[in-house]
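These notes concern the structure reproduced below.
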Amino acid sequence: MHPSNDPAQAGNELEQLRQEVRELRSELAAMREAVLRSGADATAPSGGGSVSRRALFGLAGAGVAGAVLGASASPAAAADGDSLLLGQNNTSTSSTELGSSAAAGTLRVGNSGAGSAFVAFGNPDAAAVFAQNTSGTGMVANATTTGIGLQAGTADGIAVNASASGTGSAVHASSGGSSTTVQALSEDGVAVLGGASGAGTGVSATSLNGRGVIADGGLAALRILPRSAAGLPTGASQVGDIVVDSTGQLVVCVQIDPQPVWRYIAGPLTTGMSTYGIPLRLYDSRWPGEAGPIMSGQQRLISVADNRAVDDGTVQFANIVSAGALGVGYNVTVVNTVARGFLAVNPGGVNEVFGASVNWSGDTVTGNSGIARVDDQRRLNVICGGNGAQADFIVDLLAIYV
6 MHPSNDPAQA GNELEQLRQE VRELRSELAA MREAVLRSGA DATAPSGGGS VSRRALFGLA
66 GAGVAGAVLG ASASPAAAAD GDSLLLGQNN TSTSSTELGS SAAAGTLRVG NSGAGSAFVA
126 FGNPDAAAVF AQNTSGTGMV ANATTTGIGL QAGTADGIAV NASASGTGSA VHASSGGSST
186 TVQALSEDGV AVLGGASGAG TGVSATSLNG RGVIADGGLA ALRILPRSAA GLPTGASQVG
246 DIVVDSTGQL VVCVQIDPQP VWRYIAGPLT TGMSTYGIPL RLYDSRWPGE AGPIMSGQQR
306 LISVADNRAV DDGTVQFANI VSAGALGVGY NVTVVNTVAR GFLAVNPGGV NEVFGASVNW
366 SGDTVTGNSG IARVDDQRRL NVICGGNGAQ ADFIVDLLAI YV
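Remember, the working numbering sits 5 above the position in the sequence shown when you count from 1.
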């Protein structure tokens, strides 16, 4: 092309030259890509100097042919030092490090289909994903609409292992609206395990206007593990702390100033009710060695301290009603009844009748439940009333009040 003295024509010629430069740059980029895909050496000859355009075209042609042949044989796998090939498997023996100062992130992965944007696999004893940041956030996972921001699974290991060495949070999760912030499921293991090696909090849950924790379980909604020591805690307690000591005493901290004050809720020596969950036999007037049927006008002082065998009254479990108990919940049953009558179950030492605990007519079997105080020897006083009435009677334990 010869230069023109016509300004208009010269402008057209300049635009043509620019277009040719753009086309050459595009062709050169395609050639370089073809050379890289084929594994050919695109560097300058060892003798020095630049590669001519004609030589580069020839080299690129060989690279394109090699790439086509290689693609028809098997997918290429990148090795150490190779470029990352999209759509193919890439393997290396060395680490790959990415770094940038971009505010949007160093590596962004997306998938517009139904698959996962990022999938990682690790060796059996290694982590599939290890994310760490000295001052910011190690990993951020977001999902729009109904997707899952982060999904982790394992066969026998730990699906998510998070730790914080300073004052930060190992895991921070938030959700808007009525969605679930963290959902953890386990078949036979532990769905969520939180721990703190120092004085931190293993698991903390907060709700501004709702409930911080909702728990449900087939065996129990919540289990508080006992401390290794008996008695009250001696550390820096807070109001609302709930503790079970090694003896089973359940206490709650209700005051910390000037010193912690603990309220006993339940336990072997605590005011409250306990139950064994099933009726336990305490007394039967038909047992060998007992006095037999009780008659109208009689009183009988019976012990409720021990659980006894149903058939013969031998002691099965001693002191099921512990010393110091205030009272018992009981069931009293009358059999072999004669005439119309009643029994009054009173605390030991109370000899007056203030009401009936069970009533009967002749030749019936009937029972009733009630609550009665016991004396300091864990005894009840049973009184029979009614004109010519008598009956054998049985007493079973339902609950203990201490």
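Don't be surprised by glycine CBs; every beta carbon is placed ideally from N, CA and C.
Remember, predicted model here, so these are calculated numbers, not experimental data.
Cβ shell of residue i (< 6 Å), same chain only, five flanking positions each side left out
i, result
"Arg286", "Arg313, Val315, Asp401"
"Ala404", "Met278, Thr280, Gly334"
"Gly318", "Trp292"
"Arg384", "Leu306, Ser308, Gly353"
"Val134", "Ala125"
"Ser105", "Thr111"
"Gly272", "Gly253, Gln254, Leu255"
Residue i versus residue j: straight-line alpha-carbon distance, rounded
i, j, result
"Gly154", "Ala146", "5 Å"
"Gln14", "Val114", "49 Å"
"Pro231", "Ser251", "5 Å"
"Gln395", "Ala361", "14 Å"
"Val249", "Ala169", "28 Å"
"Thr369", "Gly329", "36 Å"
"Val340", "Phe398", "6 Å"
"Ala39", "Ser209", "56 Å"
"Asp311", "Gln321", "7 Å"
"Thr48", "Ala131", "The pLDDT assigned to Thr48 is 48, lower than 50, so where the model puts this residue is not dependable; a value taken from the coordinates is nonetheless given after this. Approximately 39 Å, taken between the alpha carbons."
"Asp46", "Glu20", "Low confidence applies here, because Asp46 scores a pLDDT of 49, under 50, leaving its location unreliable and the question unanswered by this model."
"Val26", "Leu91", "28 Å"
"Met36", "Glu28", "12 Å"
"Val195", "Leu213", "27 Å"
"Ala241", "Pro265", "8 Å"
"Glu18", "Leu33", "22 Å"
"Gly158", "Pro238", "38 Å"
"Gly222", "Asn373", "33 Å"
"Val256", "Ala235", "12 Å"
"Asp380", "Ser301", "23 Å"
"Val197", "Val358", "58 Å"
"Thr206", "Ala189", "19 Å"
"Gln156", "Ser233", "37 Å"
For residue i, three-class secondary structure by DSSP
i, result
"Met278", "strand"
"Ala241", "coil"
"Gln260", "strand"
"Val26", "helix"
"Arg313", "strand"
"Ala396", "strand"
"Met144", "coil"
"Gly37", "At residue 37 the sequence reads Arg, which differs from the Gly that was named. Arg37: helix per DSSP, three-state reduction."
"Ala404", "strand"
"Asn95", "strand"
"Leu112", "coil"
"Asn17", "helix"
Buried or exposed (CB count within 10 angstroms, at least 16 for buried), residue i
i, result
"Val176", "exposed"
"Gly68", "Bear in mind that a pLDDT of 40 at Gly68, under 50, signals an unreliable position, so the number given afterwards is only what the model happens to contain. So Gly68 counts as buried."
"Asn392", "exposed"
"Leu224", "exposed"
"Ala377", "buried"
"Ala349", "buried"
"Phe123", "exposed"
"Thr342", "buried"
"Val337", "buried"
"Ile247", "exposed"
"Ile325", "buried"
"Ile299", "buried"
"Gly282", "exposed"
"Asn116", "exposed"
"Ser31", "exposed"
Contacts around residue i, its chain only, beta-carbon distance under 7 Å, and the 5 residues preceding and following it disregarded
i, result
"Val355", "Asn386"
"Leu112", "Leu103"
"Gly215", "none"
"Arg23", "none"
"Gln303", "Cys389"
"Val218", "Ala210"
Span of the beta strand (DSSP E), counted from its first residue to its last, around residue i
i, result
"Phe322", "320-322"
"Ala349", "346-352"
"Asn341", "332-343"
"Gly372", "371-378"
"Leu91", "Unbroken run through Leu91: none, as it is neither H nor E."
"Gln304", "304-308"
"Asp289", "285-289"
"Leu385", "384-390"
"Ile270", "266-271"
"Val248", "247-249"
"Asn364", "363-365"
Own chain partners of residue i with C-beta closer than 8 Å, once the 5 adjacent residues on each side are dropped
i, result
"Phe347", "Ala361, Ser362, Val363, Asn364, Trp365, Cys389, Gly390, Gly391, Ala394"
"Val244", "Cys258, Val259, Gln260, Ile261"
"Ile229", "Ile247, Val248, Val249, Leu255"
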